[in-house]
Each structure stands twice: as structure tokens, then as C-alpha cells.
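Convert by adding 6 to the 1-based position in the sequence shown; the result is the number in the working numbering.
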Amino acid sequence: MKYCVQANLIQETPASRDTLNKDIQSRIGGKKLWGDAVNSNSQDMDGSPNNTIVIRFDNEADMDDLFDFISEKMVKIPVLKGSVSKHVCYHDEQPSKLCEILDSFVK
Numbered sequence: 007m008k009y010c011v012q013a014n015l016i017q018e019t020p021a022s023r024d025t026l027n028k029d030i031q032s033r034i035g036g037k038k039l040w041g042d043a044v045n046s047n048s049q050d051m052d053g054s055p056n057n058t059i060v061i062r063f064d065n066e067a068d069m070d071d072l073f074d075f076i077s078e079k080m081v082k083i084p085v086l087k088g089s090v091s092k093h094v095c096y097h098d099e100q101p102s103k104l105c106e107i108l109d110s111f112v113k
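In C-alpha cells form, the structure reads like this:
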């Protein structure tokens, strides 16, 4: 079983987006990931800077840590908006099984 954090975060400036991206990279450094980690900087349809995140872990504690980290940032930074969720990804090992969303936070 694999554990995933997915987020789409809308920022006020490219600099704040880039800082959050680096903070997330630091947070997951040294943790055992599964598959490719997506932590990309882009723009939404309105041109606002955003982070798109899809990161799978081998253990639940690492998923919980990143989910809590991003949720806390969303609470503390008034202009940071978007959503973050954490999933158990059964389909990564058993394609016929779906993900189970364990928790989500939207602002």
C-alpha cells in the first residue's frame, strides 16, 4: 500500500510559490518516496502562481507529516489558498482498487 499527498495551492506571487516549493522539497528530502514526485511551479488559468503537488510515500507517517506541514502553511499564510488531501493508494499495487481519501483541507 502506498500513501499520497495531493495539493493545488494558489499563491499571491511567484516568489512565495517558489519559497513554498523549496520548503516542500526540503521537507520530503531523505524520505522514502514511491514513484515520481510532482512538486511543480506553474500558473492557474487566471495567471496566479500555483504549486501542483502529487507525492507518494512508502509509509503513512511521512504522508501525515507532509499533509500536516502543508495544512499548517495554509492556515498561517493568509494569501495561500487551495486544497490538500491525503490518500491511501491501493491502486498503485492493485490496479482494480481505488484510492481512499483519508483527509482533506480546503481554503
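Quick reminder that beta carbons are idealized off the backbone N, C-alpha and C, glycines included.
Whole-angstrom distance between residue j and residue i, CA atom to CA atom
| i | j | result |
| --- | --- | --- |
| M51 | E18 | 14 Å |
| A21 | S54 | 12 Å |
| N47 | R23 | 7 Å |
| N65 | E99 | 14 Å |
| E106 | M69 | 14 Å |
Within 8 Å, strictly: CB atoms of residue i and residue j
| i | j | result |
| --- | --- | --- |
| L108 | K92 | yes |
| I59 | I30 | yes |
| L39 | I61 | yes |
| F63 | V90 | no |
| M80 | L72 | no |
Close beta carbons around residue i, own chain, < 7 Å, minus the five adjacent residues each side
| i | result |
| --- | --- |
| F75 | R33 |
| H97 | K103, L104, C105 |
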